[in-house]
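Just below is one structure, and these are the notes that go with it.
2 protein chains.
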Amino acid sequence: MTGRPKPKREIRLNAFSMNAVGHQSPGLWRHPRDRSAEFNRLGYWMELAKTLEAGLFDGLFLADVLGAYDVYGGSPDAALRHGTQIPSNDPSLLVPAMAAATTHLGFGVTSNLSYEPAFPFARRMSTLDHLTDGRVGWNVVTGYLDSAARAAGLARQRGHDERYAVAEEYMDVVYSLWEGSWDDDAVVRDRARGVFTEPSRVRPARYRGAHVSVDAVHLSQPSPQRTPVLYQAGSSPAGRVFAARHAECVFVSGPSARAIAPRVADIRRLAAEAGRDPAAITIFALATVVTGPTDAAAEAKLADYRRYVSHEGALTLMSGWTGVDFSSYGLDQTVTHVRTEAGRSAMENITRADPSRVWTVREVAEHVGVGGVGPVFVGAPSTVADLMESWIAATGVDGFNLAAAVAPESFEDVAEHVVPELQRRGRYKRAYAPGTLREKLTGGGPRLPARHPAAGFRTLPVEAVE
Amino acid sequence: MTGRPKPKREIRLNAFSMNAVGHQSPGLWRHPRDRSAEFNRLGYWMELAKTLEAGLFDGLFLADVLGAYDVYGGSPDAALRHGTQIPSNDPSLLVPAMAAATTHLGFGVTSNLSYEPAFPFARRMSTLDHLTDGRVGWNVVTGYLDSAARAAGLARQRGHDERYAVAEEYMDVVYSLWEGSWDDDAVVRDRARGVFTEPSRVRPARYRGAHVSVDAVHLSQPSPQRTPVLYQAGSSPAGRVFAARHAECVFVSGPSARAIAPRVADIRRLAAEAGRDPAAITIFALATVVTGPTDAAAEAKLADYRRYVSHEGALTLMSGWTGVDFSSYGLDQTVTHVRTEAGRSAMENITRADPSRVWTVREVAEHVGVGGVGPVFVGAPSTVADLMESWIAATGVDGFNLAAAVAPESFEDVAEHVVPELQRRGRYKRAYAPGTLREKLTGGGPRLPARHPAAGFRTLPVEAVE
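Going line by line, the protein sequences match chains S and X.
Counting in full-length UniProt numbering, the first sequence runs from 1 upward without gaps.
Counting in full-length UniProt numbering, the second sequence runs from 1 upward without gaps.
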């Protein structure tokens, strides 16, 4: 079912960035037109948000990693030297200023539940949902770097499956706060009676888990979406089960439709098994667009970009993602010699794409150097649109999570040239739908549907607040 | 020395608010002109920031409490009913949008170090310092509500003195990250050599305390101020020692100059003992201004405001601050019958003001009902200016932390009417000084001076990043 083309279904575009230099294109900060080193400036982000809204992007998705990439060479030196996702700042603090500069654009914020206590985190997301009028999403991550655990004063991170056990408890706690603590009609603002909130319509979220606990009234009143739109990107078995249970949007990444298709089918199958509507999960595939007036001009632009790729920067990312120290391999060794560890494996994302192909370490670095593990859609706008349509037909994804090769140029190019082509084909909206990010993405209401596990927390045990 | 008038010294004004309804004037949300219930909207805050910048306020200071006021009556019911600092949202997320709407205004953000892990918190503050061009401050609090501890899944909060022991470790950790991890010249952005950051100029902050630990490179590159301007408001003995050691700005609160003066002297004395310049600590006294064209008009305005005071709301605040459940006392009982617990005691702030005066619970509620425990400066602009000058002469404070009776009206009134009067007297700036918030406040550089304990963390152990 999921692999079948769905003609004329709207293609969704999401911009993928990070409050950091470079992000998914290591070395490209050296390109003369790249402005990503301006990430410390509000103006850079407000301008980008306006560009994306002009291109009717559904959202800007902000990645985050709470630690330095220090697997390569056993130190953060290479990451520092190449600006590989360090320096990097907090993503959530970009949202209010971008929200002030836009009306419709959604904002996906990555937050690592292993290191952010649930109670203040839940309030931060509610605050963002209020301030943006319901345009916020949360990318649920559990982390993959031991450096983040050491930053928190721990020896190392929890094991992979334990992280997902913690994540399940964490979700229960934040659902209790977001969905159950306040009734919709709790805030009455009755000046005559002197009642701001009816206490009988508010109750504490009470949860005692092995890892996460809470006993408190949520501090924020109900926000437009209550639970922010939930994104997830984990590709491991535990990650897919988690995504199928919780996620409304899933990010997948791999270099070919062939690599992506079975994962998409698996996510939808698991969602159905979890009692959810599999079609209601919006799946975005990582991709990078390089376009120009003609195919030749686009290819020339990509060739120019490639001159700035940093092999070492790319392998620093790959080492962090896979846990394999690529500094100990020669560039001409083939990656079949590298056995990645169990769990999340970006390496396998690549090597599985075409089992008959043998990749050298150099080829991996060059592939990752522009747009990470995703494909580069290169060509005139019509060629890029063709590629997008064929990927969607072959994989069943709903759209693309577009990284930048050169920022913000790559986003501007899509907004100005590719979007009009998709509109001509009837595959892209001509205006935003009204309402919250959830309403725009799903066509449903502003709140999670009744079949979502969060709905189970809407009726907390009825008891007096005491 | 500190009690002596310092003629013509500039009076500093800080606006005191909270990402909540009401804040320091319980019940006043019912006033027809009060707009504080719009705290969920970006526009409300951006407009307020512009008003304050037009009035050349040094900063907007955002209080925060990570829990509900549930001492009164043993439940949060009264706090909910009267909108007593609940609902409330995260303060830090207001700053980026207000920064985009202003150029000079500073922003003080309250963050409770008992419940926010040091590593991601330090990055959030660095992010704000970057995005605001060095206009951010941090109000260091350790909390006073058990409800905040329960929200974090704990049975109760740590003991008062232990909280300050934790605070000392926490400061060491964040100083290490802010001051020591990156050299000023670490980021080189050398396109030709392909070096974004010189790894030899970055090192991990390594600290293992009994309560707080870190072993990580800070993720943000050096921001304009590195350590944000440090605010503190603790009035207990342990709180004053902490403030004297760390704080650059101190908030004091009490209903009379007589109550404030010895505390100001004590803070400056302790700072001198800690090896710091006592005059370099900027001390703000809590106050609320109600002004009008004439004294009579101002008094009439205050009388109108007082009609909306909520006694129960005020006692809900007092109960939270003192740990005493005021619901068990009659309004006509005298507060000399109430023995407050050791530690921070807002009650003593009031009763010490004039030891000969006997306060009833009702009088306390009425006092707290407009502007919390601070005084109300009521009168024509010249009267308000007289009161400010005499308070400064009598106490040695540097200025005022101004709460609103009716928001944002109280702030607008000060900016439009009191500030011009202070300017005529030569006691108020006519333009902002250039530079960061620290430069504006101290006349010094953007970084903490060499005598501050943070400076001791500028040279972390020299070792290879490994």
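C-beta: ideal position from N, C-alpha, C; glycine also.
Note that the structure is predicted; figures quoted are calculated from it, not measured.
*Is L448 of chain X near the ligand ADP, in the sense that its beta carbon is under 6 Å from a heavy atom of that ligand?*
Only the bare structure without any ligand can be found here, which leaves the ligand ADP out of the picture.
*Buried or exposed: where does G74 of chain X fall if 16 or more other Cβ atoms within 10 Å of its Cβ makes it buried?*
exposed
*Which of helix, strand or coil does DSSP assign to V140 of chain X?*
strand
_Helix, strand or coil at G190 of chain X [DSSP, three-state]_ = Residue identity check: residue 190 of chain X is Asp in the sequence provided, not Gly. It is a strand residue.
*Of all the options S:P199, S:P87, S:T316, S:A99, which has the alpha carbon lying nearest to the alpha carbon of R189 of chain X?*
S:P87
*Can you tell me where the beta strand (DSSP E) with V414 of chain X in it begins and where it stops?*
Element bounds for V414 of chain X: n/a, residue is neither H nor E.
*Rounded Cβ spacing between F57 of chain S and N19 of chain S (contact assumed at less than 8 Å)*: Incorrect: roughly 18 Å between the Cβ atoms, too far for contact.
*Could you name the residues of chain X that L128 of chain S contacts, counting a contact when the two beta carbons are closer than 7 Å?*
L93
*Roughly how many angstroms lie between the CA atoms of G369 of chain S and G443 of chain X, to the nearest whole one?*
47 Å
*By how many angstroms is the C-alpha of A63 of chain X removed from the C-alpha of D77 of chain S?*
40 Å
*Residue environment, R268 of chain X, which counts as buried when at least 16 other CB atoms sit within 10 Å*: buried
_Cβ pair count under 8 Å reaching 3, the segment 291-298 of chain X against the segment 376-389 of chain X_ = yes
*Who are D215 of chain S's beta bridge partners in DSSP?*
S:R206
*Could you tell me whether the Cβ of R339 of chain X comes closer than 7 Å to any Cβ of chain S?*
Here the model assigns R339 of chain X a pLDDT of 48, short of 50, so the residue's position is not dependable, and the following value carries that caveat. No, its Cβ sits nowhere closer than 7 Å to a Cβ of chain S.
*Would you mind listing the beta strand (DSSP E) stretches within the segment 38-103 of chain X that are 3+ residues and don't spill past its ends, in chain order?*
59-63
*Are there 16 or more other CB atoms within 10 angstroms of the CB of P32 of chain S, so buried, or fewer, so exposed?*
exposed
*Between the segment 97-111 of chain S and the segment 166-183 of chain S, do three or more beta carbon pairs fall short of 8 Å?*
no
*Three-state secondary structure (DSSP) at A404 of chain X?*
coil
_Beta-carbon spacing of A365 of chain S, A314 of chain S below 7 Å_ = yes
*Using the rule of at least 16 other Cβ atoms within 10 Å of the residue's Cβ for burial, across every protein chain shown, is A342 of chain S buried or exposed?*
Unreliable placement is indicated for A342 of chain S, whose pLDDT of 33 sits below 50; the coordinate value is still reported in the next sentence. That one is exposed.
*Would the beta-carbon of P446 of chain X fall within 7 Å of that of Q225 of chain X?*
yes
_Bridge partner(s) assigned by DSSP for A287 of chain X_ = X:L402
*asked:* Between G83 of chain X and chain S, is the shortest Cβ-Cβ distance under 7 Å, so that the two count as touching?
replied: yes
*asked:* For F251 of chain X and F242 of chain X, I'd like the C-alpha separation in whole angstroms.
replied: 13 Å
*What is the rounded straight-line gap between the Cα of N89 of chain X and the Cα of A303 of chain X?*
30 Å
*Considering only the beta carbon of each residue, do W45 of chain X and L93 of chain X sit closer than 7 Å?*
no
_Within 7 Å, strictly: CB atoms of Q24 of chain S and G372 of chain S_ = yes
*Can you tell me the Cα-Cα spacing of L270 of chain X and D277 of chain X, whole angstroms?*
10 Å
*The beta strand (DSSP E) enclosing S17 of chain S, as first and last residue numbers*: 12-18
*Mind checking who T282 of chain S pairs with in its DSSP beta bridge?*
S:C249
*Y170 of chain S, DSSP secondary structure in three states*: helix
*Buried versus exposed call for T103 of chain X [16 or more other C-beta atoms within 10 Å across all chains shown]*: exposed
*So, does the CB of Q221 of chain X fall closer than 7 Å to a CB anywhere in chain S?*
yes
_If I measure Cβ to Cβ from S410 of chain S and keep anything under 6 Å in the same chain, skipping five residues before and after, which residues do I get?_
A404
*Near G67 of chain X, what residues of its chain come up, given a Cβ to Cβ distance below 7 Å and the 5 sequence neighbours on each side ignored?*
L145, S147, A148, A151
_Classification of R135 of chain S by the beta-carbon crowding that lies within 10 angstroms, buried from 16 upward_ = buried
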